[in-house]
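I have placed the structure first, in the form of structure tokens, so that the comments after it can refer back to it.
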């Protein structure tokens with residue numbers, strides 16, 4: 050399973066702003082067994098890009114391919130191969146964590162035996178087994194995030210898309226999530242995630258795409274980005290790329 054994003058742009062309309070792009074001319078590829086991270090500040094276009102790739106938004110320009118499936122022409126076919134963690138959870142508060150996973154697994158036509166095995170594995174891997182039969186309304190924000198992550202990948206997709214996956218997680222919970230992502234990578238999964246946290250990008254991502262104001266500024270490994278900018282660490286490289294882009298925008 051591979052992902053190719055080709056010239057994707059998404060235009061919106063707002064009464065106050067008129068027409069504007071949430072993202073524009075975004076191109077990158079993610080190979081099997083790779084974690085690719087979109088790193089950028091809030092409002093940079095990370096979520097818009099992920100929503101186009103995951104078929105929630107139809108692109109205004111360009112498209113993305115999941116293997117040979119064009120997400121613009123065959124969104125239903127694309128959805129069968131991907132799991133998407135949204136930045137908004139939308140969990141049913143009167144259901145337990147287990148009931149939510151069972152419900153969404155059945156929506157994906159999973160056989161009961163396989164579904165129950167998958168649920169047990171995710172409860173263990175994401176470290177919330179003790180809350181499996183607790184109603185969502187009584188769960189902490191961090192545990193709700195774990196339920197959301199498990200729900201998004203209950204059907205064992207080959208392409209995993211995670212929008213700010215560590216949101217609401219404490220240090221131990223984030224560590225468990227990071228370890229799970231590494232395990233999925235070792236299984237050959239194709240993983241695309243967004244983050245605004247430098248340490249998370251360095252720990253998890255094989256390659257990073259720096260995004261700001263809806264545009265992809267640079268793509269590379271941490272070492273390649275440092276070499277490109279002549280900086281000693283990722284944070285300094287990121288700041289230089291973003292500020293240079295802002296200067297060019299303001300000069301136009």
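Residue numbers (the working numbering): 50 to 301. Think of the CB as a built atom: it goes at the ideal place given N, C-alpha and C, for glycine as much as any other residue. Computed from a prediction, not measured in an experiment: that's the story for all the values here.
- DSSP places residue 129 outside both helix and strand once states are collapsed to three, so it counts as coil.
- Residue 109 and residue 120 have their C-alpha atoms spaced approximately 12 Å apart.
- By the beta-carbon neighbour count (other beta carbons within 10 angstroms, threshold 16), residue 201 is buried.
- Secondary structure note for residue 264: its beta strand (DSSP E) is the uninterrupted segment 264-269.
- Taking one beta carbon from each stretch, the segment 170-181 and the segment 56-69 have fewer than 3 pairs nearer than 8 Å; the two do not touch.
- Note on the segment 160-240: whole beta strand (DSSP E) runs with a minimum of 3 residues are 208-212, in chain order.
- Residue 83 and residue 255 have their alpha carbons spaced roughly 6 Å apart.
- Note on geometry: alpha-carbon atoms of residue 95 and residue 253 lie some 17 Å from one another.
- Between the segment 276-286 and the segment 124-142 there are fewer than three C-beta pairs closer than 8 Å, too few to call the two in contact.
- With a cutoff of 8 Å on beta-carbon distance, residue 99 and residue 212 are scored as near each other.
- Within the same chain, 174, 175 come within 7 Å of residue 229 by CB-CB distance, once the 5 residues on both sides are set aside.
- For the 8 Å CB-CB criterion, residue 132 and residue 210 form a contact.
- Counting only the Cα atoms, residue 195 lies some 7 Å from residue 177.
- Taking C-beta atoms as the reference points, residue 257 and residue 266 fail to come closer than 8 Å.
- With a cut-off of 8 Å on Cβ pairs, the segment 132-143 is in contact with the segment 184-194, counting three or more such pairs.
- Put simply, the segment 242-251 touches the segment 213-222. At least three CB pairs are less than 8 Å apart.
- Note on geometry: alpha-carbon atoms of residue 294 and residue 272 lie some 20 Å from one another.
- For the 8 Å CB-CB criterion, residue 73 and residue 106 do not form a contact.
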